[in-house]
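Numbering (this note's numbering), first residue to last: 576 to 738.
See structure below.
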């Protein structure tokens, strides 16, 4: 997608599941993207908890990487980010201490990137909650629901098939 390049970004390779699940499942036009961690080149960015060594800025950068990983899964599943009709929902989980209350600011790293990439189609509903711990000591995890455009029709000799 050209917009990613304009932002100076490239999609990473889609991360492989770390347990028994699929990276994404499509039902109708909705694509449900499994929990994404902030992996960059196989390493979790900013391990630890917010309020205990991980700053809000680091957490937001981790959320941004997690959503890039999610977009890589969307592109691999759909064939292209151009099929994204709308980002519907993002659920964000922030590993944080009991006295940390800036989970929404952390998850803005993901939300702001989606808006920058897709414009109004990237604006979504969201929740951002604090949790005691996340897999692999990740500071954030997110999942997404994305509405997809139907795939292009297959044609033969320029005519649509009537099957």
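All C-beta atoms in this analysis are idealised placements derived from N, C-alpha and C, irrespective of residue type, glycine included.
Model, not experiment: these values are computed from the prediction.
- Between the alpha carbons of residue 684 and residue 637 lies a distance of about 8 angstroms.
- Nearest to residue 594 by alpha-carbon distance, out of 661, 585, 652, 611, is 611.
- Taking every protein chain shown into account, the CB of residue 658 has 16 or more other CB atoms within 10 angstroms, so this residue is buried.
- Burial of residue 649 is indicated by the presence of at least 16 other C-beta atoms within 10 angstroms of its C-beta.
- Positions of the alpha helix (DSSP H) runs, each at least 4 residues long and wholly inside the region 628-681, are given as 631-653 in order along the chain.
- Residue 578: member of the alpha helix (DSSP H) spanning 577-581, first to last residue.
- From the listed residues 654, 703, 663, the smallest Cα separation to residue 694 is found for 663.
- Shortest Cα-Cα distance from residue 703 to any of 718, 697, 712 involves 718.
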